[in-house]
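**Student:**
Written out as C-alpha cells, the structure is:
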C-alpha cells in the first residue's frame, strides 16, 4: 500500500514536510473548456451530457437498426472537435499530428495550461519536474489507424505506437515541455487519475522531484454515437448518471482531461506560489481477491485505503466536512462505497453532517481521468468555500442508510464556512480491478502579506508561437483589463511576465494605470517582433543629457536599485554629494551648476540606471560610453569601483572648468571626411578639429570661437546644415590639453582593474581587453581625442549585438545609432531608457516592454502576486485520419430459427450431454473462455469473471434471442446449470406463445 502509516509513516499533523500543495490546475470537459467554465457548471448543478439527435447519430456511423434497437441510449458526453490540435506549437509535423491520439493532443495542451495556471514557465521552471500521466487505451488507434497498420512498414508502426501508446504519454509531455524529473505512466483503470496524483506526491516527499505534473485523459472515438446499455452492464439505461440516487441504473462514460501541478508545501510557501489546496494525506491499495469477481468492488479494501490516507493526514474523521466520492451511479456500487466511507467517517459526533458529492452526475464517468476530475472539484470547493449540489439527485438509494451516521448527500448547494478551523475534504477513486485511492485535502494556508502593491506605471508583456495567436491573446487581455482595479494591475503584469513562457512572437504595452495600459494594448501601433536567434545586448552610456534631472523621484521610487545606487554614490561623495543630489532632484538648481557637479551627476545617473536594469536581470553583453559616459561604462565593465568612477568624473569636470581654454563646438550634417575638409579649409590661424563622429552625416567640429563662427557662416552659405552647441568649451580637442594635464594626479590615484565585461573604447572604437583603458594615460587622452561613436556602434554590431539600450537621461544618441545601423542594413533594436518628455518611471517601463519584444525579459519589479490570466489560445487546425469503412462481421454463432426449435431439440430419453442447447452453450463458453469447456465445468474455476459472463450473455442473446439475468448466470456456475435456466425461460416463453 502506498504510504501506509502502519509501515513506518509518521502521522504527526505538524509534519509539514508531508504536505503537498496544489499550485495549478487545468482541464477540458464536455461543454466546459477550462476550470472556470467547469466550476460554473458545478455551481449551477448542470450536466454536460447531451441527447443526440438521429442525424448526428447517423453522421457518426449509427444505423437505423442500432438506433431503434434494444438498449440503445442516444446520449453522449464528448468534447468539441477533438480532431483539432496546435501541432506547430509543440513542434510536431502535420503527419505526426494526424497519427496522434486525440487524448495525447489534449493532454499536451492541458499540461501547458496547468503550468500557466500555476504561474510557472515549464522551460524556466521545469528542472526536476516529474510527469505522472494516465490515458485511456487508444480507440483512435483501434478504429482509425488499423488500416494504416495493415499497410505495414516500420515507420507506420512506430508512428502508430508512439503517438497512441499509453507507454509514451508521460515522456512526450516531458520532452515537449522540457521537464527533467521522472516521467512515468500510471494505469489503474478508473482510479488512474487520482493514483497519478498519489504517486506524484510520494515522489515529491521522497525528493525524487521538486515539482510534479499529474495529468490524466480519456477521449473515445468515434464520438456522438450514443451507446448500448446491455442488461446487467454498468451503463445507464436511463441516459443519466445519478450517484447515490434511488433511480441510479448505471454510469455514462464521457471525455475529459484533467491536470494538476504539485509541490512540497514548504517550497510553495517559500516561493510565494498561489496554493489552491493542500494534500494532507494519500494512500493506494488493491482489493486483492477479497471480492466475488475481478470487476467487483470491495468495501474492505476501500475502507482500508481511506483509513490509511486519514492516518497520514493526522486528522480525525470529524475534521472532514466533505467527501467527493467515486460515485458511479450504479445501484449496487454506490452502497458498497458508502459502506466503506461509513466505516471510517460515519457514526461519530459532528457539528454538521459530512456532505457526500460526486461529479459524475455533472460530466459523466471520465474513465482514467475521473479521479483527477473529482480532485479538481474538491480542491475548488475547499478553496472557494462552496459545495455544489449533486446533479441528478432526487431520492436516496434505498440500500444506503444515513440516519444517525453523520452524513448527507449534497442534494443542494452549501455555502461552506468553518469558524476557527480550515475547510477539509476527502476524495475517493476506485479502479476497475480493485486499485483504490483516497486523498485528504485541506484549505491552503493564508498567503503571506504582499508588500505594498506597486502603484506606478506597469508593463504588460505577451508572447506566442505565431502572430495570429499573439493577436488572439492580445484580444483576450484587452478583455481582462476591462474594469480592472489599479491595485490588481501589478499582479496581472507580474504574472504575465514571470508566470508565462517567453515565446518568439512578442508585444508589450505600458501605461500609468489600468485604463491607459488597456488603451495602449488595444492600439495597433504596439511594438511587436519575432525572436529568431539569441539576442545580444549593449549598454550605451551618454556623456550629456540632463533633461530628466530634477524629475527623478518617480523613477527612484519605481526602481529600488536605481535609488539605492544614487544613495550609495552620494554617500561616497561626502560633502560633494549635496550639490550632486540637488542637481539630480531639483530642476531649478541646474542653471549655473559647476562642471564637476554636472559631470559627476551624469556619471552617477548612468551607473544607477545600469544597476537598475541589472537588478531586474537585464545584463549587457558589452558596454560602450559616449565621451563622459565612458567612465560609467568602465565602472560597469569592472575597470574601477564606484568611488573611483565618481572621483574621476569630479576631477574631470573640475579640471575642465578650471584649466580648459574657452572655445566652441559646431554640429554639421556631413560625414567625417567632409567635416575634416571643412575644418581644414576654415581654420586659418585658429584651431578647428573634428571632435565627435556620431554618424555618417552627424559630426561635431571644435575650435576657437572665431573659427567656429566663420565655419558656421560658410556652412550656411554652402547649404550645409550646421548648429552651434550651447557650450563654452571645445571638448575633445587640443583645447582640453591643459585640463588633461591637470587631472593627472587624480587619475594616478585610481586603482584600475581588468574588466569583467567586454567594453568598446569610445575613443578608438575597438574591442578592448581592458589593458589600455585601465591606465591613467587613457583617461588623460580621452578628453582630448575625438569621440568615434559611429565606429563604436559598428564595432558593437560586428560583435553580434542586436539590441542597443541607451541609458542617458535624454535621447541623445539613439537616433544616431539607429541611422548608422540602418545605413549598414543591420537589423537591430535601439531602445531609450528616457525620452526627455515622458515621466521617467513610465519611460523606464516602456523600455522594459521594448526590451522584452527584442528578446530580453526584465524580471518583474512589482510587488504583485499571482493573477488569473487568459490561457494560451491554441490554434485549431484539423489533423485526422478517417477510418476505413468495413463490412460488419458475421455472427459468430448461427441463429436458432425459433424458440420451439431449441425446446424440441431435447428428445425424451436423450442424454443431456448430447442435446443441441448444451452444444450451443458449450461453444459460446469455449469461445469466450478460450479453451474447451465441459458441461459441468465450474465457471469460476475456469477463471471466469463478471466481464466474461457479460460477454457470454451477449453472445447467447445474439444466438438464441434470449438473455438470462447475470445473477442467474453466476448462480448456475456451469453450462448445464445455465442450460436449465434457459430451458425454464424458453418453456415459459412457449407457454405464453400457446396461451
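Residue numbers (our numbering): 1 to 995.
Glycine included, every Cβ here is placed at the ideal spot set by N, Cα and C.
When the Cα atoms are used, what is the spatial distance from residue 541 to residue 627?
**Tutor:** Cα to Cα, residue 541 sits roughly 9 Å from residue 627.
**Student:** Where does residue 291 sit, in a helix, a strand or coil, going by DSSP?
**Tutor:** Residue state, collapsed to three classes: coil.
**Student:** Is the number of C-beta pairs between the stretch 242-253 and the stretch 82-95 that are closer than 8 Å three or more?
**Tutor:** No, the stretch 242-253 is not in contact with the stretch 82-95.
**Student:** Note down the Cα distance separating residue 796 from residue 805, rounded to an integer number of angstroms.
**Tutor:** Distance between the alpha carbons of residue 796 and residue 805: 12 Å.
**Student:** Which ranges would you report for the alpha helix (DSSP H) in the stretch 557-637 if only whole runs of at least 4 residues count?
**Tutor:** Counting whole runs of 4 or more residues, the stretch 557-637 contains the alpha helix (DSSP H) stretches 560-573, 577-585, 595-615, 629-637.
**Student:** Ends of the alpha helix (DSSP H) at residue 260?
**Tutor:** It is not in any alpha helix (DSSP H) - residue 260 instead sits in the beta strand (DSSP E) that spans 256-264.
**Student:** Are residue 416 and residue 321 touching if we call contact CB-CB under 8 Å?
**Tutor:** The answer is yes: Cβ separation under 8 Å.
**Student:** Bridge partners of residue 324, per DSSP?
**Tutor:** Looking at the DSSP assignment, residue 324 forms a beta bridge with 357, 427.
**Student:** So what does residue 665 bridge to, in DSSP terms?
**Tutor:** Its beta-bridge partners are 702.
**Student:** Specify, as a first and last residue, the run of the alpha helix (DSSP H) that residue 465 falls within.
**Tutor:** Residue 465 -> no alpha helix (DSSP H), and no H or E assigned at all.
**Student:** Taking contact to mean at least 3 C-beta pairs separated by less than 8 Å, is the stretch 565-584 in contact with the stretch 814-832?
**Tutor:** Cβ pair count under 8 Å is below three, so no.
**Student:** With a threshold of 8 Å on Cβ separation, who are the neighbours of residue 264 within its own chain once the five nearest residues in sequence on each side are excluded?
**Tutor:** For residue 264, where only same-chain residues beyond five positions count, the Cβ hits under 8 Å are 17, 19, 20, 21, 204, 205, 210.
**Student:** Short check: CB of residue 356 to CB of residue 307, under 8 Å?
**Tutor:** No, the Cβ-Cβ distance between residue 356 and residue 307 is not below 8 Å.
**Student:** Are residue 622 and residue 759 close, meaning C-beta to C-beta below 8 Å?
**Tutor:** Yes, Cβ-Cβ distance for residue 622 and residue 759 is below 8 Å.
**Student:** Taking the continuous alpha helix (DSSP H) assigned at residue 350, which residues delimit it?
**Tutor:** Looking at the DSSP string, residue 350 is not in any alpha helix (DSSP H), and its letter there is neither H nor E.
**Student:** Do the CB positions of residue 692 and residue 787 come within less than 8 Å of each other?
**Tutor:** Cβ distance < 8 Å, so residue 692 and residue 787 count as in contact.
**Student:** Using only the alpha-carbon positions, how far apart do residue 983 and residue 962 sit?
**Tutor:** Approximately 11 Å, taken between the alpha carbons.
**Student:** DSSP state of residue 912, grouped into three classes?
**Tutor:** Because residue 912 sits at a pLDDT of 48, beneath the cut-off of 50, its placement in the model cannot be relied upon, and the following sentence gives the value as read from the coordinates. Three-state result, residue 912: helix.
**Student:** Leaving aside the five residues before and after residue 374 along the sequence, list all residues of the same chain whose C-beta is less than 6 Å from its C-beta, in chain order.
**Tutor:** Cβ neighbours of residue 374 beyond the five flanking positions: 324, 359, 427.
**Student:** Leaving out five residues before and five after residue 275 in sequence, what residues of the same chain have Cβ atoms less than 8 Å from its Cβ?
**Tutor:** Closer than 8 Å at Cβ, skipping near neighbours: 21, 22, 23, 265, 268, 269, 444, 445, 447.
**Student:** Residue 716 by DSSP, collapsed to three states: which one?
**Tutor:** Here residue 716 sits in helix by DSSP.
**Student:** In this structure, does DSSP put residue 550 in helix, strand or coil?
**Tutor:** Of the three classes helix, strand and coil, the one that applies to residue 550 here is coil, per DSSP.
**Student:** According to the Cβ coordinates, are residue 470 and residue 462 closer than 8 Å?
**Tutor:** Contact flag set, yes.
**Student:** Can you tell me which of the three DSSP states residue 672 falls into?
**Tutor:** Three-state DSSP puts residue 672 in a helix.
**Student:** Considering only C-alpha positions, which residue in the set 746, 674, 695, 734 is nearest to residue 711?
**Tutor:** Of the candidates 746, 674, 695, 734, the one whose C-alpha sits nearest the C-alpha of residue 711 is 674.
**Student:** Tell me the residue span of the alpha helix (DSSP H) that contains residue 947.
**Tutor:** Looking at the DSSP string, the run of the alpha helix (DSSP H) that includes residue 947 is 946-960.
**Student:** Would the beta-carbon of residue 938 fall within 8 Å of that of residue 974?
**Tutor:** Yes, these two residues count as a Cβ contact at 8 Å.
**Student:** Considering only C-alpha positions, which residue in the set 89, 823, 657, 679 is nearest to residue 743?
**Tutor:** Of 89, 823, 657, 679, the residue nearest in Cα terms is 657.
**Student:** Checking 8 Å against the spacing of the C-beta atoms, do residue 344 and residue 389 come in under that value?
**Tutor:** Not in contact: residue 344 and residue 389 (Cβ atoms no closer than 8 Å).
**Student:** Note down the Cα distance separating residue 793 from residue 764, rounded to an integer number of angstroms.
**Tutor:** Rounded to the nearest angstrom, the two C-alpha atoms are 12 Å apart.
**Student:** Got a sec, what are the start and stop residues for the alpha helix (DSSP H) residue 381 sits in?
**Tutor:** 370-384 is the span of the alpha helix (DSSP H), which, as asked, contains residue 381.
**Student:** Among 201, 174, 133, which residue has its Cα nearest to the Cα of residue 257?
**Tutor:** Closest option to residue 257, Cα to Cα, is 133.
**Student:** Out of 44, 830, 636, state which residue places its alpha-carbon closest to the alpha-carbon of residue 803.
**Tutor:** The shortest Cα separation from residue 803 among 44, 830, 636 belongs to 830.
**Student:** Between the C-alpha atoms of residue 889 and residue 62, what's the straight-line distance to the nearest angstrom?
**Tutor:** Bear in mind that the predicted position of residue 889 carries a pLDDT of just 49, short of 50, making it unreliable; the figure below should be weighed with that in mind. Cα to Cα, the separation comes out at about 15 Å.
**Student:** Going by C-alpha distance, which of 972, 145, 29 is nearest residue 372?
**Tutor:** Residue 372 has its Cα closest to that of 29, out of 972, 145, 29.
**Student:** Please report the straight-line C-alpha distance between residue 135 and residue 501, rounded to a whole angstrom.
**Tutor:** About 26 Å.
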